[in-house]
Amino acid sequence: MNVMLHHLTGSLRGQTQYFEADALRFGTGSDCDVRFHAADDRHVAPAHAEFALHDHSPTLRDLTGQHALFINNRQTIQAALHDGDLIQLGEHGPLIRFRVLDDQANGHKPWQYIVEDSRDIVVRTPHRPYTSLFHLARHVISDIARYGSPTAKMVAALLLLLPLLLIGMLSVSWYYEYQAAEVIRKNVAELVSQVETGRLGRAELEARVAQEREVVRKLQQNQEELKANLIAALDNRQTARQS
1 MNVMLHHLTG SLRGQTQYFE ADALRFGTGS DCDVRFHAAD DRHVAPAHAE
51 FALHDHSPTL RDLTGQHALF INNRQTIQAA LHDGDLIQLG EHGPLIRFRV
101 LDDQANGHKP WQYIVEDSRD IVVRTPHRPY TSLFHLARHV ISDIARYGSP
151 TAKMVAALLL LLPLLLIGML SVSWYYEYQA AEVIRKNVAE LVSQVETGRL
201 GRAELEARVA QEREVVRKLQ QNQEELKANL IAALDNRQTA RQS
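Structure, rendered in structure tokens:
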């Protein structure tokens, strides 16, 4: 059976473990498959709980004899496990999200689980309210880097690089706009000076004005093309995020 355990609190917080097994032991003992740090997780016994298949159904059993096992916030001695169940080892002990994976998972964590588990960690971790988005993004990026599929990693890299590319494109555009505006300003000042001193005839003046208008038209056209490219890039980013 393919099992994924995501640790929401405790000494293993933020870690995701994969097992292809029909039996697992939880505790701080050296023989445990899911081993916690005894110094940090004092509510966890050396042999705390045991996962096994009974009639092809995953079951978790308390080994402490002290009713120190909770599934979905309900105290139990033994209970069937279902995909998405929340396991707690001891009162105030570490929380673990239990998930069942199909055979095509290949040890990679689905995007939906990455977001859900990161959110669960953030809501259970003390922090200032205005830093929630930062902590969520940090956990999502960390999970993608460690457990995401190659496709998820590539999409995440593109989403991170895209804002930098957009900023670079805007900076270049603004620079060229500034340079073009300076050139136009100098040309207009020169035309005014030539008109005032009588060194420029009417026909030549009209030709120079038409030339400057063409420069302005091309500048506006370049701005519209840049705007269309930025909108297309943002649409692609939104599509990639939704997928």
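Per the numbering used here, the sequence shown starts with residue 1, numbered consecutively.
Don't be surprised by glycine CBs; every beta carbon is placed ideally from N, CA and C.
Everything numeric in this text was worked out from a predicted model, so none of it was measured.
Beta-ladder partner(s) of residue i, from DSSP
i    : result
D62  : A49
I71  : R74, I87
S57  : H54
E225 : Answer is none; E225 lacks a bridge partner.
E190 : According to DSSP, E190 bridges with nothing at all.
E182 : Paired residues: none, contrary to the question.
E20  : N2
Limits of the unbroken beta strand (DSSP E) element including residue i
i   : result
R13 : Unbroken run through R13: none, as it is neither H nor E.
R25 : 23 to 27
R99 : 95 to 100
V3  : 2 to 7
L81 : Note, L81: premise wrong, no beta strand (DSSP E); not H, not E.
F36 : Taken as a continuous stretch (DSSP letters only), F36 belongs to no beta strand (DSSP E), as it is neither H nor E.
I77 : I77 -> no beta strand (DSSP E), and no H or E assigned at all.
Expected contact under 8 Å - CB spacing of residue i and residue j to nearest Å
i    : j    : result
T64  : L81  : About 18 Å separates the two Cβ atoms, so there is no contact after all.
S118 : D143 : 6 Å
L5   : F98  : 6 Å
Environment of residue i [buried if 16+ CB atoms lie within 10 Å]
i    : result
G27  : buried
S30  : exposed
K218 : exposed
Y175 : exposed
I71  : buried
K109 : buried
Y113 : buried
D41  : buried
Y147 : buried
First through last residue of the alpha helix (DSSP H) which encompasses residue i
i    : result
V115 : 111 to 123
Neighbour flag for residue i against chain D, beta carbons, 9 Å
i    : result
E214 : Absent here is chain D; the protein component of the structure consists of one chain.
Query raised in the report: Would you say the segment 44 to 61 touches the segment 105 to 123, given that touching needs at least three Cβ pairs under 8 Å?
Result: no
Query raised in the report: When the Cβ atoms of the segment 67 to 79 are set against those of the segment 112 to 128, are three or more pairs found closer than 8 Å?
Result: no
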